[in-house]
Ligand code: 5GP
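In the working numbering, the protein residues as written are 128 to 302.
Below, the structure written as structure tokens:
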């Protein structure tokens, strides 16, 4: 499969993804029974995971979407992207942040810091993918779809230079 100038091959097929996302949805539904959680999905990459995850949630929940600005601002932990589009009051809420992938962990670490300042009752992360070998931050990731090695992946919401988000399977760079 060619995307722009690069060749990719299937890495995790859609049936495997579908099954794993269903498991995560059931687990979250069990663990958040009676807690009225608010999901916050980080666009763009998490849109497909967030949509499929929601279809597997069987308890009352809310979902909202945020973006990270394309520009960076200087922060104590280095250069970080600024959170935009948060229009929910998250004080006292049980938050679940939905991410596509945690690589170094800097993005999610910074997001967690920003959210904690707003006084949620609890906060956990649901990420489709995690690259533990690349992660430099101490993080507690409660719901992880797949742990993967340090390879570049596209598809199922994730892009290569803007393309590939529509693919149903996950692909990695062919060697
Ligand atoms: P972190 O701050 O954890 O290093 O990076 C997280 C962000 O980097 C993700 O939300 C995603 O946008 C991007 N990223 C990291 N690894 C990959 C990858 O393998 N493929 C794609 N498409 N994006 C990635």
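Glycine included, C-beta positions come from ideal geometry on N, C-alpha and C.
{"Asked": "Reduced DSSP secondary structure (H/G/I, E/B, other) of residue 233", "Found": "helix"}
{"Asked": "C-beta contact flag for residue 299 and residue 278 at 8 Å", "Found": "yes"}
{"Asked": "Distance cut-off 7 Å: residue 283 Cβ against heavy atoms of the ligand 5GP", "Found": "no"}
{"Asked": "Alpha-carbon spacing of residue 195 relative to residue 145, whole angstroms", "Found": "27 Å"}
{"Asked": "Nonlocal neighbours in the same chain, by C-beta distance under 7 Å from residue 297, ignoring five residues either side", "Found": "138, 139, 144, 280, 282 and 283"}
{"Asked": "Coil, strand or helix - residue 221 by DSSP", "Found": "strand"}
{"Asked": "Outcome for residue 187 when other beta-carbon atoms lying within 10 angstroms are tallied against a minimum of 16", "Found": "exposed"}
{"Asked": "Contact between the region 224–240 and the region 161–177 (3+ Cβ pairs under 8 Å)", "Found": "yes"}
{"Asked": "Distance CB(residue 222)-CB(residue 242) smaller than 8 Å", "Found": "yes"}
{"Asked": "Distance between beta carbons of residue 261 and residue 230, contact taken as under 8 Å", "Found": "5 Å"}
{"Asked": "Element boundaries [alpha helix (DSSP H), containing residue 174]", "Found": "174–182"}
{"Asked": "7 Å Cβ shell around residue 220 - same chain, five flanking residues per side excluded", "Found": "165, 247 and 248"}
{"Asked": "Alpha-carbon spacing of residue 159 relative to residue 132, whole angstroms", "Found": "44 Å"}
{"Asked": "Span separating the alpha-carbon of residue 240 from that of residue 293", "Found": "31 Å"}
{"Asked": "Nearest neighbour of residue 155, chosen from 258, 250, 286 and 295 [CA to CA]", "Found": "250"}
{"Asked": "Of the listed residues 272, 184 and 142, nearest to residue 157 (C-alpha basis)", "Found": "184"}
{"Asked": "The beta strand (DSSP E) enclosing residue 144, as first and last residue numbers", "Found": "Run containing residue 144: none in the beta strand (DSSP E); it sits in the alpha helix (DSSP H), 141–158."}
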